[in-house]
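Quick note on numbering: the sequence shown equals residues -21 to -1, 1 to 422 in mature numbering (1 follows the signal peptide of the UniProt record, and there is no 0). As structure tokens, the structure follows; a few thoughts come after it.
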Amino acid sequence: MKTKLILFVAFLMSLATFSQKKWTLRECVDQALEKNITIQQNKLNLELAKKDVAIAKGNFLPNLNANTGGNLNFGTGFDPVSQDRVNTSFFGGSMGVSSGITVFNGYRNTNTYKQAQLGVESSMLDLKKIENDISLFVVNGFLNVLFAKENLNAAKVQYEISKKQIEAARSRFKAGVIAKGELLNTESTAASNQQNVITQENALDLALLNLAQLIQVPLETFDVAPIDVGNPSANLFYKNSTTVYNKSLERMPEIERAKLAIENADLNIDISKSFFLPSVTASAGLSTNYGFNLNLPTGASNPQFFDQLNDNFGYGAGFNVSIPIFNRYQTKNRVAQSVINKEIFETRLESEKLALKQTIEQAFLDVKTALKTFEAAKISLDAQKEAFKNAQERYNYGDMTLFDFEQVRTRLVNAQAAMIRSKYDYVFKTKVLQFYSGDLVLD
């Protein structure tokens, strides 16, 4: 029974391990873009900008208002027939419908509507900028997990070598070839390598935690699917930074947003100038009223309610022209302010271009440096592998001391670590350049 229970638990554990989802890079990026709070906030800002468009469009339509009111009067009043003052109580009221429309206001409504449309485009570009940043963060986090996994595998290999060295050392100690101190040193090295395995496991756990938090998924079942980074190409994707920069000018949202800001400034100038021009409005209305004497003599009656509405019905239409003559130079100075603001946005565009160019130049230099480091690490690792292979043979035959052997192996371990580090550093920096040029593929 106990054996069956153990087998059943083992089956469940293997099933859980088999069914555990491994996230691809694309899935991680999509998850981050869906769950990120900042992105959700900017999506709401985009919806607000769309409502501004609807509000601006409504300015072209006429308004329509209905009104009604009533009043009740008590007290003495003058009777025009008997020339006497009489007590009277009177209730009356009015009803009406009115409408107005702006016929012309210096194209202010038109330019305000265009500004609202630019606001939607700007909000979309803000959202795109944040999505780009989040995507790069996820790519970096994903590669950090792969980097940690490769480091862990290298540490495990070294630990396995150490365990085999212990077996060999014990055999040589029993045969009297080496002293006990050398055996203890071998066991100490294996313990250090085991500790390094634990350190690398912790580093992997931290990398997984950072990525899981970034894409907002539970850590307990989170893992990533492997990517065949392999041996990255030693050929640069781009000949120079200018190629990447020219491509980025056409697609980076911060550049497009800066251009939209200049267009918006032009519209602000036109809106400011519109206050120099006359404005024309038109209006139309329908109205009627009614009244009832509450103290009529016996036998007398008030006219019927609907008859009064019909008899008192009236309508009218009109227009109004407002011509600005002098407003204390307010309009002139507002136009001047709008022109200065446009110049500010033009300098901001140049500043954005300069910042982008500097960033890409630095990224291109980083890639070249990372490539040189990566190639040097490959040469060093190959040399250290050969040196270790030779040292292992000499140590097994007793031609090398344990101290010298450990020196060789330490250099191999350091070369492996440098190789892994330089490889992923080169891969990520290459992807940064691909991102700026629009060639980054996540699948």
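For every residue, glycine included, the Cβ atom is placed at its ideal position computed from N, Cα and C.
* Give me whichever residues DSSP pairs with Val203 in a beta bridge. => Trp2
* To do: May I ask you to report which of helix, strand or coil DSSP gives Leu40?
  => coil
* Cβ pair Ala263, Ser73 closer than 7 angstroms -> no
* Just grab the DSSP bridge partners of residue 442 for me. => Missing from the structure shown is residue 442; the chain here goes from -21 to 422 and no further.
* Can you grab the Cα-Cα spacing for the pair Glu242 / Asp249, in whole Å? => 11 angstroms
* Output yes or no for whether 7 angstroms exceeds the beta carbon distance between Asn272 and Phe69. => yes
* Taking Thr222 as part of the alpha helix (DSSP H), name the residues at either end of that continuous run. => Ser220 to Leu228
* Assign Tyr405 to one of two classes, buried (16 or more other C-beta atoms within 10 Å of its C-beta) or exposed (fewer than that). => buried
* Asked: What are the start and end residues of the alpha helix (DSSP H) that includes Ala397?
  -> Leu381 to Ser416
* To do: Identify the continuous alpha helix (DSSP H) that holds Leu419 and give its terminal residues.
  => From DSSP, Leu419 is part of no alpha helix (DSSP H); its letter is neither H nor E.
* Asked: In the DSSP assignment, what residue or residues form a beta bridge with Ser77?
  -> Asn44 and Gly264
* Asked: Just how far apart, CA to CA, sit Val420 and Pro205?
  -> 16 angstroms
* Asked: What do you get for Leu106, buried or exposed, if any count of 16 or more other CB atoms within 10 angstroms of its CB means buried?
  -> buried
* Asked: Excluding the five sequence neighbours on either side, which residues of its own chain have a C-beta within less than 7 angstroms of the C-beta of Gly377, listed in chain order?
  -> Val156
* Asked: Going along the chain, which residues of its own chain have a beta-carbon closer than 7 angstroms to the beta-carbon of Ser301, five neighbours each way excluded?
  -> Pro257 and Ser258
* Asked: Is DSSP giving Asn111 helix, strand or coil here?
  -> helix
* Asked: Under three-state DSSP, which class holds Glu254?
  -> As written in the sequence, residue 254 is Phe, which differs from the Glu given in the question. Residue state, collapsed to three classes: helix.
* To which residues does DSSP link Phe298 through a beta bridge? -> Ala261
* So which of Glu235, Ala28, Asp202 and Lys108 has the shortest CA-CA distance to Ile91? -> Before going further, note that residue 91 is Thr rather than Ile in the sequence given. Among Glu235, Ala28, Asp202 and Lys108, the Cα nearest to that of Thr91 is on Ala28.
* Once you ignore the five residues that flank Ser330 on each side, which residues in its own chain have a CB closer than 7 angstroms to its CB? -> none
* State the start and end residues of the unbroken alpha helix (DSSP H) segment that holds Ala315. => Gln309 to Asn375
* To do: Just the C-alpha distance for Asn132 and Val99, rounded to the nearest angstrom, thanks.
  => 50 angstroms
* To do: Answer yes or no: do Val387 and Ala356 have a C-beta to C-beta separation smaller than 7 angstroms?
  => no
* Pairing CB atoms from the stretch 313 to 324 with CB atoms from the stretch 227 to 244, are three or more of them under 8 angstroms? -> yes
* Per DSSP, the bridge partner or partners of Gly278 -> The partner list for Gly278 (beta bridge, DSSP) is empty, contrary to what the question assumes.
* CA-CA distance, Gly297 and Thr260? -> 9 angstroms
* Which class does Tyr217 belong to by DSSP, given the choice of helix, strand or coil? -> coil
* **Close Cβ partners of Leu412 (< 8 angstroms) along its chain, the five nearest in sequence each way excluded** => Phe216, Tyr217, Val223, Ile339, Ala342, Phe343 and Val346
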